[in-house]
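Notes follow once the structure below has been shown.
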Amino acid sequence: MKKVRITKEFTFETGHALYGYDGKCRNVHGHSYKLAVTVIGSPINDANNVKHGMVIDFTDLKKIVKEEIVDPFDHATVFNKNTPHVELAQELRERGHDVILADYQPTSEMMILDFADKIRNRLPENIELFSLRLRETETSYAEWHASDQL
């Protein structure tokens, strides 16, 4: 069966700090992230199906990514919960800020691994996550490819 890749792009603003890092990113700061999600599958070959000809409806893919990534991460601050940043996170929460305490250092590399797991768990069984690109700045990004995970 023929396979087609489709991509949907998302943007969100997220703050973070890298505990123990030896550069400026140890300070709380934010990025305008751009996430490109590419899935692969065969277009639906049933003329009676309202999604005939689609691999997945872009609206359905958007719903998954918004619920799992964009809505929780947009305008939130991410800290590694296994560091003293937990105290700062608590203070921010008490002041009404959105905070995510992650099981990892919130680098682009670790965030994209988290995002891949979240998205893969929500895709229909006939659709596979092909790749992700998480752009942290105009010149810096992390990529995840399913083929690299074997």
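The sequence shown begins at 1 in full-length UniProt numbering and counts up by one. All residues carry an ideal CB built from backbone N, CA and C; glycine is no exception.
Check, Outcome
"Inter-residue Cα distance where the pair is R5 and T107", "27 Å"
"Residues near I64 in its chain [Cβ-Cβ closer than 8 Å; skip 5 each side]", "I119, R122 and L123"
"Spatial neighbours of K34 in its chain, beta-carbon cut-off 6 Å, leaving aside the 5 residues before and after", "T11 and R135"
"Cβ pair count under 8 Å reaching 3, the region 109-116 against the region 131-149", "yes"
"Extent of the continuous beta strand (DSSP E) to which R5 belongs", "V4 to H16"
"Helix, strand or coil at V65 according to DSSP, with G and I counted as helix", "helix"
"For K51, the three-state DSSP class (helix, strand or coil)", "coil"
"I100 versus V78: straight-line alpha-carbon distance, rounded", "5 Å"
"Local conformation of S140 per DSSP, three classes", "strand"
"Beta-carbon proximity of K3 to G41, cut-off 8 Å", "yes"
"S147 (DSSP reduced to helix, strand or coil)", "helix"
"C-alpha distance - A102 paired with D148, whole-angstrom precision", "24 Å"
"L132 and I112 closer than 8 Å at C-beta", "yes"
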